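Notes to accompany the following structure.
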Amino acid sequence: MIRRPFGLAVAQMGPVHRADSRASAVARLLALMTEAASRGARLVVFPELALTTFFPRYWLEDGEALDHFYEREMPGPETRVLFERARDLGIGFTLGFAELTPRGERFNTQILVDAQGRIVGRYRKIHLPGHADHKPTAPFQHLEKRYFQVGNEGFRAWSAMDARIGMCICNDRRWPETFRVLGLQSAEIVTLGFSTPSVNIHWSEPPHLRMFHHLLTLQSGAYQNALWVAAAAKAGLEDGFHMIGGSVIVSPSGEIMAQSQSEDDEVIFVNADLAVGDRFRQNVFNFAAHRRPEHYGLILERTGAGAPLGDAPSGGAS
Ligand code: CDT
26 MIRRPFGLAV AQMGPVHRAD SRASAVARLL ALMTEAASRG ARLVVFPELA
76 LTTFFPRYWL EDGEALDHFY EREMPGPETR VLFERARDLG IGFTLGFAEL
126 TPRGERFNTQ ILVDAQGRIV GRYRKIHLPG HADHKPTAPF QHLEKRYFQV
176 GNEGFRAWSA MDARIGMCIC NDRRWPETFR VLGLQSAEIV TLGFSTPSVN
226 IHWSEPPHLR MFHHLLTLQS GAYQNALWVA AAAKAGLEDG FHMIGGSVIV
276 SPSGEIMAQS QSEDDEVIFV NADLAVGDRF RQNVFNFAAH RRPEHYGLIL
326 ERTGAGAPLG DAPSGGAS
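When you line the sequence shown up against my numbering, it's residues 26 to 343, in that order.
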């Protein structure tokens, strides 16, 4: 089978502190983009909420202190240079940021920008973790349910840069439906920006499971849907709050082909052969040949887990 090489880079960011300016974040993104291009990347993946600190950890009243973290236009005065540099370097990118629309809607958003500097795709995060209420005794907040609405544009893949590219954000990776809906659009690459606190505020999770589950979701999502996954962390200690690193590029085999070594700004790169996905799509996960959606009805009918179907009067073995 003919190889289909695609230069794929992930740009991890170290901490962005609350007092750091947009301009300093953008300068770091430009340096990472330039390095990715010099290594042969056609696409570089940036983290979730890459332009600011991970502000959902703070309880903020409505008003300027909160609005400060959102972008009202994209590109805007401070981000336009990213689009111009991408066009000059001939590299595409994905970028995560907080979006405030003209109608006042707030989304946790990621855009796909092609090598001509044009926005060709937009994803608004669907699985919003955390809570909406103030938890004053918690070590920190996770207020995505307060600061963002559920994304209203679905999971979509786009034909761009000679590939089919889908996007998702952080907590989305823990839900297999995310990757399946993108796999059913023949996505070849799924990009993901993430910011994962090393402490789970919901329960006393054994610390080693944080990285294990992160990688498990990406590797299984890649394998079960025959696609490349490129995942970019915002990592390290942001004003004393720690986030895991573990930026990776995963092959459709489920193998990790590159992984970050630091919790700082760092580029990882793989010359990804998209034909590997073609082989897995044809020989292992040939959806058209083997899927049985007539038996998957509960996935659409139920949100939470309910009673066993076998308990229903007609549900027992005969
Ligand atoms: N940013 C994000 O989605 N983080 C979540 C943490 C959830 S803990 C409340 C994650 O799944 O990594």
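Backbone N, C-alpha and C define an ideal beta-carbon position, used for all residues, glycine too. Model, not experiment: these values are computed from the prediction.
Looking at residue j and residue i, is the spacing between their C-beta atoms short of 8 Å?
i: PHE94; j: PHE165; result: no
i: GLY121; j: ILE194; result: yes
i: ARG149; j: GLU178; result: yes
i: MET282; j: VAL292; result: no
i: PHE131; j: PHE80; result: For the record, residue 131 in the displayed sequence is Arg; it is not Phe. In this structure, PHE80 does not lie closer than 8 Å to ARG131 by Cβ.
i: PRO277; j: ALA251; result: yes
i: GLY271; j: MET236; result: yes
i: MET268; j: SER229; result: no
i: ILE190; j: ALA212; result: yes
i: ALA61; j: ALA36; result: yes
i: THR4; j: THR119; result: Outside the shown range of the chain (26 to 343) lies residue 4, about which nothing can therefore be said.
i: MET186; j: ILE136; result: no
i: TRP84; j: HIS159; result: yes
i: ILE116; j: HIS167; result: no
i: GLY72; j: GLY218; result: Note that residue 72 is Pro in the sequence shown, not Gly. For PRO72 and GLY218, yes; Cβs fall inside 8 Å.
i: GLY146; j: TRP183; result: yes
i: ASP290; j: ARG64; result: no
i: THR242; j: ARG198; result: yes
i: LEU107; j: THR59; result: no
i: GLN141; j: ARG110; result: no
i: GLY39; j: GLU326; result: no
i: GLY302; j: TRP253; result: yes
i: VAL273; j: GLN284; result: yes
i: SER223; j: PRO231; result: no
Should residue i be listed as close to ligand 1, given that the test is whether its C-beta is under 7 Å from any heavy atom?
i: ARG171; result: no
i: PRO222; result: yes
i: GLU86; result: no
i: HIS167; result: yes
i: ARG199; result: yes
i: CYS195; result: yes
i: PHE31; result: no
i: GLU73; result: yes
i: ILE136; result: no
i: PRO40; result: no
i: ILE151; result: no
i: GLY270; result: no
i: GLY155; result: yes
i: PHE15; result: Since the first residue of the chain shown is 26 and the last is 343, residue 15 is not available in this structure.
i: ASN311; result: no
i: ASN225; result: yes
Per DSSP, which one or two residues make a beta bridge with residue i?
i: ASN296; result: GLY32
i: GLU291; result: GLN37
i: HIS267; result: LEU262
i: THR134; result: PHE122 and ARG149
i: LEU68; result: LEU33 and GLY117
i: ILE344; result: Summary: the structure shown does not reach residue 344, with the chain confined to residues 26 through 343, and so no result is reported for it.
i: ALA191; result: Sequence check: residue 191 is Gly here, not Ala. GLY191 pairs with ALA182 and VAL215.
i: GLU202; result: DSSP, once it has assigned bridges, lists no residue as partnering GLU202.
i: GLU96; result: GLU124
i: ILE274; result: ALA255 and ALA283
Examine ligand 2 and report whether any of its heavy atoms sits within less than 7 Å of the Cβ of residue i.
i: HIS227; result: Ligand 2 is absent from the structure shown, which contains only ligand 1.
- What runs of the alpha helix (DSSP H), each 4 residues or longer, lie entirely inside the stretch 212-252? Entirely contained in the stretch 212-252, the alpha helix (DSSP H) runs reaching 4 residues are, in chain order, 233-250.
- Message: Runs of 4 residues minimum, wholly inside the stretch 297-323: which ones carry the alpha helix (DSSP H) assignment?
- Response: You should have 299-308 and 312-315.
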